[in-house]
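First residue of the sequence shown: 0, per numbering that gives the first Met the number 0; consecutive thereafter.
Where is the CB? At the ideal position from N, CA and C, for every residue including glycine.
Only one structure is covered here, and it is reproduced in the block below.
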Amino acid sequence: MKHLNATDRHLLVHQLESMKEDVLEELRTAAALAFEGSGAGMREVHGRTDDAEAARIEELREAEIEIDRRRLHEIERALQRVAEGSYGICADCGEEIPYERLLVRPTAMRCAACQVVAESRPRR
């Protein structure tokens with residue numbers, strides 16, 4: 000992390016912590032909406048179209064929650080790398096990740112070149 004000075008690290012950590020709070024708030028909101036929706040439809044009569052629409056909305060909500068959970072995990076991994084002193088170092092090649100890339104994507108664990116290679120690998 001030697002290429003990042005104390006001000007850079009502070010700014011990036013602040014950005015990560017802000018992102019974490021945003022994701023946690025989104026997850027709290029999703030949980031509250033799910034709780035509200037769980038009992039609201041109990042007394043109403045629904046048709047098949049209503050049921051299908053409710054199922055589609057629930058699937059969408061679950062997908063959004065999964066995306067938020069992944070984002071939270073990425074943020075927590077980045078904060079862990081800060082604590083370990085490996086933040087800003089590419090996990091693949093060991094080179095420094097440019098500060099500009101970290102500003103745009105503070106959760107980045109690879110330099111841009113290694114990220115392109117990682118994304119081009121077939122998924123299992």
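Asked: Spatial neighbours of residue 100 in its chain, beta-carbon cut-off 8 Å, leaving aside the 5 residues before and after; Found: 107, 110 and 111
Asked: 7 Å Cβ shell around residue 33 - same chain, five flanking residues per side excluded; Found: 60
Asked: Residue 89 versus residue 72: straight-line alpha-carbon distance, rounded; Found: 18 Å
Asked: Heavy atom of the ligand ATP within 7 Å of residue 17 beta-carbon; Found: In the structure on display, the ligand ATP does not appear, and there are no ligands present to speak of.
Asked: Residue closest to residue 68, alpha-carbon to alpha-carbon, out of 105, 30, 94 and 97; Found: 30
Asked: Alpha-carbon to alpha-carbon, residue 119 and residue 50; Found: 40 Å
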